[in-house]
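Asker: What follows is a structure written as structure tokens; I'll ask about it next.
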Amino acid sequence: MVFGPGGAQANGIPPLAAGQPGPPPQLAIGNVNTLAAGSSATADLRETAPGGPGIPSAYALDLGLPQGSPGTVGFLIASAEDLVGTLVNGATLLFNSATGKFYPAPLPFLFAYNVTGIPTTGTSGGQVRTLSSLTIPAQTQPYLPLVFASVEVAGTVNTKVDLWPG
């Protein structure tokens, strides 16, 4: 090897062979810990598997995240100036745009009404038979009913059954 002002020259040393790129490393979320409010967040990348020829190395990212500072004390909805009435368990608040106030009211949705029993019926010779009926009480808000039903029919050849809501 000859060294000079312009660099170095080497004779008789084989060049390094270029290798194929290996598989990309695998990265997973490691431990996530809550730190005290006001502390700095932390991140630590640790090797979980060294990898090797044709085998990817694996790493886990451990995080430490500070919790938020305590917030200011709020107030109870029951003491709000724009609330009219007394709150009751299971109620919701509805806004009246005419008065600009909120009123406690029963939930205006999610009611389920079920038929308690459906009698069996025999052959009717072409007559209309009512399987069941259900009365839904008046609601406090406009609503769109979703009706679900099923029926099991057993008959002989040429049995015809037409089902429709009445």
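If you use my numbering, the sequence shown corresponds to residues -14 to 151, in order. Just so you know, even glycine gets a beta-carbon here, dropped at the ideal spot from N, CA and C.
(1) Please report the residue range of the beta strand (DSSP E) in which aspartate 67 lies.
(2) Helix or strand or just coil, what does DSSP make of leucine 30?
(3) Return yes when the Cβ of leucine 116 is within less than 8 Å of the Cβ of valine 153, no when it is not.
(4) Give me the DSSP bridge partner(s) of asparagine -4.
(5) Less than 8 Å between the C-beta atoms of proline 89 and threonine 71, yes or no?
(6) Any contact between the region 17 to 26 and the region 38 to 53? By contact I mean 3 or more CB pairs, one from each, below 8 Å.
(7) Check whether the region 76 to 88 touches the region 54 to 68, counting contact only when three or more Cβ pairs, one atom from each stretch, lie closer than 8 Å.
(8) Based on DSSP bridge pairs, tell me the residues matched to isoleucine 5.
(9) Can you check whether the CB of alanine 43 is closer than 8 Å to the CB of glutamine 11?
(10) Which first and last residues belong to the beta strand (DSSP E) in which tyrosine 88 is found?
Answerer: Quick answer:
(1) Where aspartate 67 is concerned, there is no enclosing beta strand (DSSP E), given that its DSSP letter is neither H nor E.
(2) strand
(3) Because the chain spans -14 through 151 in this model, residue 153 falls outside it and cannot be assessed.
(4) BP columns for asparagine -4 are empty, so no partner.
(5) yes
(6) yes
(7) yes
(8) Inspection of the sequence shows that residue 5 is occupied by glutamine rather than by isoleucine. DSSP lists no partner for glutamine 5.
(9) yes
(10) 86 to 91
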